[in-house]
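Per this note's numbering: the sequence shown = residues 40 to 294.
Every residue, glycine too, gets a C-beta built ideally from N, C-alpha and C.
Notes for the one structure printed next.
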Amino acid sequence: MKNLFRPRLKQDQQNLTLSLDKNNIPEHVAIIMDGNGRWANRRGMPRIVGHQNGMKAVKRTTIAADELGIKYLTMYAFSTENWKRPKDEVDFLMKLPQEFLALEMDELVEKNVQVKMMGHTDALPKYTIAAMEEAVKRTENNTGLVLNFALNYGSRREITESLRTAVQEIASGTLQLEDLNEDWISSRLLTKGIPDPDLLIRTGGEIRLSNFMLWQLAYSEFWFTDVYWPEFSKEHLIAAVAEFQRRTRRYGGLT
Ligand code: V07
């Protein structure tokens with residue numbers, strides 16, 4: 040099952056990186072990190088081992104993205120649909136932010152990464168929220184790559200809530216109907232202050248959006264791979280960015 044063509048040498052990786060156009064690096068990359076459970080199953084291990092290894096891939100990919108010059112990285116860690124999974128698995132997932140903080144954060148803090156969060160956090164256990172808030176707080180003065188975790192995120196709910204706000208503000212007279220435009224809506228979404236993704240990556244073989252950033256991905260390039268998330272490496276990220284550059288080159292200078 041091992042991919043014999045995956046470059047293993049630092050030199051190969053540098054050559055791959057050098058093949059990219061430095062002037063056309065996507066500013067914001069969003070990732071649907073799928074295939075953790077299946078990766079574990081294939082090895083005869085419990086699904087949670089897949090999630091554990093998925094967490095390591097989060098750190099690895101963040102560092103790789105930073106090295107390529109990507110400025111914003113949004114990672115879909117838990118969807119509003121994920122509550123339907125077995126309770127044991129959900130309980131385990133809810134402990135991952137804590138574990139990430141304990142095991143993986145030091146290196147990211149050192150690399151000047153800023154952690155942000157988007158999602159409907161009300162429904163999460165207290166210790167999950169506490170760990171996320173600590174990750175955000177520990178990095179709030181950092182100025183490097185923004186690592187934005189989507190946790191208990193659902194795009195239709197996000198859009199629905201902005202619509203409710205709009206109707207309320209119009210009813211109370213604080214918003215005029217003619218001022219309700221695309222910019223107003225964008226400014227009320229959970230991504231406020233973050234540019235729309237230039238590139239969406241989904242691992243794990245499924246070719247769908249699964250209620251992820253429906254508004255924000257309107258003009259993004261999509262890149263899908265069968266690779267399971269725990270196996271995602273810098274080479275895959277470079278391949279995705281290279282494909283992004285091939286597709287956007289024809290507009291060169293015009294966009
Ligand atoms: C989760 C690991 C990645 C693969 C996809 C699902 C499992 C990192 C976090 C995290 C979240 C917030 C934070 C620090 C770390 C995380 C969940 C699941 C729920 F401040 N990975 N990861 N959270 N997985």
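- Contact annotation: the segment 260 to 271 touches the segment 231 to 242, with at least three C-beta pairs closer than 8 Å.
- DSSP places E143 outside both helix and strand once states are collapsed to three, so it counts as coil.
- The beta carbon of E128 lies closer than 7 Å to those of R86 and I87 in the same chain, with the five residues before and after it left out.
- Between the segment 146 to 161 and the segment 65 to 77, the count of C-beta pairs closer than 8 Å stays below three; the two stretches do not touch.
- For A170, the shortest separation between its Cβ and any heavy atom of ligand 1 lies below 7 Å.
- Of the heavy atoms belonging to ligand 1, none sits nearer than 7 Å to the Cβ of A141.
- Exclusion of the five residues before and after A104 leaves V68, L112, L184 and L276 as the residues of its chain whose Cβ lies within less than 8 Å of its Cβ.
- The nearest non-hydrogen atom of ligand 1 is 7 Å or more from the C-beta of H275.
- Taking the CA atoms as reference points, S58 sits about 11 Å from D51.
- Closest option to L248, judged by alpha-carbon separation, among S225, Y115 and D161: Y115.
- Judged by DSSP secondary structure, A170 falls within the alpha helix (DSSP H) whose first and last residues are K165 to R177.
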